[in-house]
Amino acid sequence: MHKTGCFSIKEITKVEGHANLNVELEDGVVKKCELEIYEGQRFFEEMVIGRHFSQIPLIVSRICGLCNVSHLNTAMEAVEKAFSVPVSGQTTILREIATNGEFIKSHALHLFFLALPDYLGRESVLDFNKEEHKYVHQGLDLKKAGTDIVRLLGGRIYQTISIRPGGFTLIPDRKKIDKLLPLLEKHRKTAVDAVKLFASFESQLPFERKTDYLGLVREDYSLVDGKLKFLSGKEIEEEDLLKHVEEFVAPYSNARQTRFEKKAFRVGSLARVNLNRDALEPAAKDLIKELGLRFPNDKIVHNNTCQAIENLHLFDRTIRLLTGLKTEKEPVKKIIPKEATGIGVTEAPRGTLYHHYNFDEKGFVKKANIIVPTNQNNNTIEQDLKEFIPTLLDLPQEKANREIEKLSRAYDPCISCATNFLKVKWKKS
134 MHKTGCFSIK EITKVEGHAN LNVELEDGVV KKCELEIYEG QRFFEEMVIG RHFSQIPLIV
194 SRICGLCNVS HLNTAMEAVE KAFSVPVSGQ TTILREIATN GEFIKSHALH LFFLALPDYL
254 GRESVLDFNK EEHKYVHQGL DLKKAGTDIV RLLGGRIYQT ISIRPGGFTL IPDRKKIDKL
314 LPLLEKHRKT AVDAVKLFAS FESQLPFERK TDYLGLVRED YSLVDGKLKF LSGKEIEEED
374 LLKHVEEFVA PYSNARQTRF EKKAFRVGSL ARVNLNRDAL EPAAKDLIKE LGLRFPNDKI
434 VHNNTCQAIE NLHLFDRTIR LLTGLKTEKE PVKKIIPKEA TGIGVTEAPR GTLYHHYNFD
494 EKGFVKKANI IVPTNQNNNT IEQDLKEFIP TLLDLPQEKA NREIEKLSRA YDPCISCATN
554 FLKVKWKKS
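Under this note's numbering, residues 134 to 562 are what the sequence shown spells out, in order.
Below you can see the structure in the form of structure tokens.
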């Protein structure tokens, strides 16, 4: 790999849009590292202007196929806070369980189908050998378990139809819950094995960079509620987020980036476990101790380990919640609009998700702002690569490219699925 020159990794695919990575090196020092997202804006924030509050959750849930429940929950929280609508304890639990299912299927797809080939030295799962093919089945088993949870609570797998502001239009009965529980118990062991598998890859990507982490913190590791907190100690009220977290647009990219006190930070599974490790379910905590994992941790490879840890935690938490759940029919709360501002913050699989809406007196949106996890991590990915690329100078160009891909993909940096670099072009100076 040349110590001085330029290279571009072109046409990054399997992201929400299209992107390049452009790098300039001078005597082994990275002078430029730009994650250039050139896809046209999708304009969801503009799309909801003038729309009635009842339409907003359904519209914004289309932002993402994998994270539709997270967008739905976050928008509903914003609507309910704006119009002072309390929801029942049953609604709160059902929303959490639906979110757990979304996380399980999203993490499973990323871990087994997009990240795992990197660590096994394969181009894709299609290149797995006979022994490795078992991982395809394990990933599909975990994905099915998460999918079945979402179907139970949402009425269907994608763009759920029963989760609404003020409650649920479809309440699962005990027979369906009892049918689901054995499936979750069956595949829980796969979730345990996944933690051990991905923890074993630490030596393959030993890079670490100390940074700050943001996530929701609550006593019981909830993904739908809590206090916004940085690992450095600062707590932020949801309505005050933008007083502390600055959004900006890099001149080379159509995507926004963020920084906290002028510095990049991470969101996602590693951030959540760093912040909430003591609130994990007992089996997850025991496994962390057994494997000798230490948190807080700054190795980005462990973002994948933490996705697997979260899946085990969510299996146990969901089994516990469903086992003790006694559902009853209840009407969706009536919502009376007024001029107001509503802010919702939840965790999505890839990190903290923020929705902010201003409504007029009839409940129509006047202004909207949505901050997705990937935009919060874009700045951090660039900062990581600035430090990581100089450590690759002694490698052949092809090997260096694979290592850059591995680090970037460890973030699971997309809305739909993880990053994949297709083509690298080098330009000698």
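We put the beta carbon where it would ideally sit given N, CA and C, even for glycine.
Could you check whether the segment 339-356 touches the segment 269-277, counting it as contact only if at least three pairs of C-beta atoms, one from each stretch, sit closer than 8 Å? no
Give the straight-line distance between the Cα atoms of Glu149 and Asp345, rounded to the nearest whole angstrom. Here residue 149 refers to the residue found at position 16 when the sequence shown is read from its first residue. Here residue 345 refers to the residue found at position 212 when the sequence shown is read from its first residue. Below a pLDDT of 50, predicted positions are generally treated as unreliable, and Glu149, at 45, falls in that range; the measurement from the model is reported next regardless. Distance between the alpha carbons of Glu149 and Asp345: 25 Å.
Opposite Ile196 in the DSSP bridges: which residues? As a working mapping, residue 196 is identified with position 63 in the sequence shown. Beta-bridge pairing links Ile196 to no other residue.
Exposed or buried, which one is Gln509 when buried takes at least 16 other CB atoms within 10 Å? Counted from its first residue, the sequence shown places residue 509 at position 376. The residue in question, Gln509, is buried, as its Cβ has 16 or more Cβ neighbours within 10 Å.
Can you list, in chain order, the residues of its chain with a C-beta nearer than 6 Å to that of Leu338? Leave out the 5 residues immediately preceding and following it. Here residue 338 corresponds to residue number 205 of the sequence shown, with the count starting at 1. Result list for Leu338: Val434 and Lys539, in chain order.
Proximity below 8 Å, CB of Tyr252 to CB of Phe334: Residue numbering aside, residue 252 sits at position 119 when the sequence shown is read from its first letter. Residue numbering aside, residue 334 sits at position 201 when the sequence shown is read from its first letter. Yes.
Pairs of beta-carbons, one from the segment 374-392 and one from the segment 410-421, closer than 8 Å: are there three or more? no
Anyone know if the C-beta pair for His477 and Val400 falls short of 8 Å? Walking along the sequence shown from the start, residue 477 turns up at place 344. Walking along the sequence shown from the start, residue 400 turns up at place 267. It is worth fixing the name first, because residue 477 is Gly in this sequence and not His. The answer is no: Cβ separation not under 8 Å.
At a cut-off of 7 Å, is Leu424 close to the ligand FAD when judged by its beta-carbon and the heavy atoms of the ligand? Looking at this structure, you won't find the ligand FAD or any other ligand, since it has none at all.
Close beta carbons around Thr513, own chain, < 6 Å, minus the five adjacent residues each side: In the sequence shown, residue 513 corresponds to position 380, counting from 1. Closer than 6 Å at Cβ, skipping near neighbours: Ala397 and Arg399.
Provide the residue span of the beta strand (DSSP E) that contains Arg453, from first to last. For the purposes of this step, residue 453 is taken as residue 320 along the sequence shown, with counting starting at 1. Taken as a continuous stretch (DSSP letters only), Arg453 belongs to no beta strand (DSSP E), being part of the alpha helix (DSSP H) at Val434 to Thr456.
Does the distance from the CB of Ala501 to the CB of Ser203 come in under 8 Å? Taking the sequence shown and counting its residues from 1, the one referred to as residue 501 is at position 368. Taking the sequence shown and counting its residues from 1, the one referred to as residue 203 is at position 70. Cβ atoms of Ala501 and Ser203: not closer than 8 Å.
Under three-state DSSP, which class holds Phe331? In the sequence shown, the residue the question calls residue 331 occupies position 198. Phe331: helix per DSSP, three-state reduction.
In terms of DSSP beta bridges, what is Phe497 paired with? Stepping through the sequence shown from its first residue, residue 497 is reached at position 364. The partner list for Phe497 (beta bridge, DSSP) reads His185.
N- and C-terminal bounds of the beta strand (DSSP E) containing Thr474: Position 341 of the sequence shown, counted from the start, is the residue given in the question as residue 474. Where Thr474 is concerned, the enclosing beta strand (DSSP E) stretches over Ala473 to Ala481.
Give me the DSSP bridge partner(s) of Asn491. What you label residue 491 is simply residue 358 of the sequence shown in a count that begins at 1. For Asn491, which the question treats as bridged, DSSP gives the partners Thr474 and Lys500.
With DSSP as the reference, label Lys396 as helix, strand or coil. Here residue 396 corresponds to residue number 263 of the sequence shown, with the count starting at 1. Strand.
Where Phe176 falls, given that 16 or more other Cβ within 10 Å makes a residue buried: Numbered from its first residue, the sequence shown carries residue 176 at position 43. Burial call: exposed.
Give me, in chain order, the residues of the same chain whose beta-carbon lies closer than 6 Å to that of Asp449; leave out the 5 immediate sequence neighbours on both sides. For this step, residue 449 is matched to residue 316 along the sequence shown. Contacts found: Glu414 and Ala416.
According to DSSP, residues forming a beta bridge with Thr485: Looking up residue 485 in the sequence shown gives position 352. According to DSSP, which records beta bridges pairwise, Thr485 is partnered with Glu480.
What do you get for Lys558, buried or exposed, if any count of 16 or more other CB atoms within 10 angstroms of its CB means buried? Along the sequence shown, read from residue 1 onward, the residue named residue 558 stands at position 425. For Lys558, the predicted structure reports a pLDDT of 47, less than 50, and the residue's modelled location is therefore unreliable. The matter cannot be settled from this model.
Is it buried or exposed for Tyr544, if we count other Cβ within 10 angstroms and need 16 for buried? As a working note, residue 544 is residue 411 in the sequence shown. That one is buried.
Distance, Cα to Cα, Glu472 vs Ile182? Your numbering for residue 472 matches position 339 in the sequence shown. Your numbering for residue 182 matches position 49 in the sequence shown. C-alpha separation (whole angstroms): 14 Å.
Determine the direct distance from the alpha carbon of Lys532 to that of Thr552, and round the result to whole angstroms. The sequence position of residue 552 within the sequence shown is 419, counting from 1. The sequence position of residue 532 within the sequence shown is 399, counting from 1. Caution applies to Thr552, whose pLDDT of 29 falls short of 50 and renders its modelled position unreliable; the value that the coordinates give is listed next. Spanning the two alpha carbons is a distance of roughly 17 Å.
Among the candidates Glu178, Leu445, Thr207 and Gly222, whose CA atom is the shortest distance from the CA of Lys462? As a working mapping, residue 462 is identified with position 329 in the sequence shown. Checking every option, the nearest Cα to that of Lys462 belongs to Gly222.
Apart from the five residues on each side of it in sequence, which residues of its chain come closer than 6 Å, Cβ to Cβ, to Arg184? Position 51 of the sequence shown, counted from the first residue, corresponds to residue 184. Val498.
Using a threshold of 8 Å, state whether the C-beta atoms of Ile296 and Leu205 are closer than that. Taking the sequence shown and counting its residues from 1, one reaches residue 296 at position 163. Taking the sequence shown and counting its residues from 1, one reaches residue 205 at position 72. Yes, Cβ-Cβ distance for Ile296 and Leu205 is below 8 Å.
Tell me Phe381's beta-bridge partners as DSSP assigns them. For the purposes of this step, residue 381 is taken as the residue at position 248 of the sequence shown. Paired residues: Gln390.
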